[in-house]
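What the sequence shown shows, in numbering that gives the first Met the number 0, is residues 0 to 79, in sequence order.
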Amino acid sequence: MATEHHSVGLVVHVDDALGESRRMDIEHALEEETGVLGAHFAERRPHLMVVEYDPAVTSSMRILDRVNHQSVHAELIGPI
0 MATEHHSVGL
10 VVHVDDALGE
20 SRRMDIEHAL
30 EEETGVLGAH
40 FAERRPHLMV
50 VEYDPAVTSS
60 MRILDRVNHQ
70 SVHAELIGPI
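As structure tokens, this is what we get:
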């Protein structure tokens, strides 16, 4: 029996102005989090990050906590 994964898209607003390298570091840190399926900053709006995750495994608050532990200030915008 295959395990079915449901993904949810979440938008996170990062208050700090970050360079490309720092944004990539944060994306990689999030992608290592169990339940996170992908994370990327929006190309035209580099202060917005889209995170795809499995809500059965992790939560939006856990993701926000992980972002804030990267020494940046962030807040949840909401689901996609």
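Beta carbons are placed, not taken as given, at the ideal position from N, Cα and C, and that holds for glycine. Since this is a predicted model, take the numbers as computed values, not measurements.
Assumed close pair residue i, residue j - CB separation to whole angstroms, cut-off 8 Å
| i | j | result |
| --- | --- | --- |
| M48 | V13 | 6 Å |
| G8 | E42 | About 16 Å; that fails the 8 Å criterion. |
Boundaries of the beta strand (DSSP E) in which residue i is found, first to last residue
| i | result |
| --- | --- |
| E42 | Run containing E42: none; DSSP gives neither H nor E here. |
| I76 | 73-78 |
| V13 | 7-13 |
Alpha helix (DSSP H) segment containing residue i, residue limits
| i | result |
| --- | --- |
| H27 | 19-30 |
| S59 | 59-67 |
Between the CA atoms of residue j and residue i - distance to the nearest angstrom
| i | j | result |
| --- | --- | --- |
| T57 | A28 | 15 Å |
| V11 | A55 | 19 Å |
| A38 | H5 | 16 Å |
| G18 | E26 | 12 Å |
| V35 | D53 | 6 Å |
| E74 | H46 | 11 Å |
| R82 | A16 | Residue 82 lies beyond the residue range present for the chain, which begins at 0 and ends at 79; the question has no answer from this structure. |
Per DSSP, cross-strand counterpart(s) of residue i
| i | result |
| --- | --- |
| V50 | L9, A38 |
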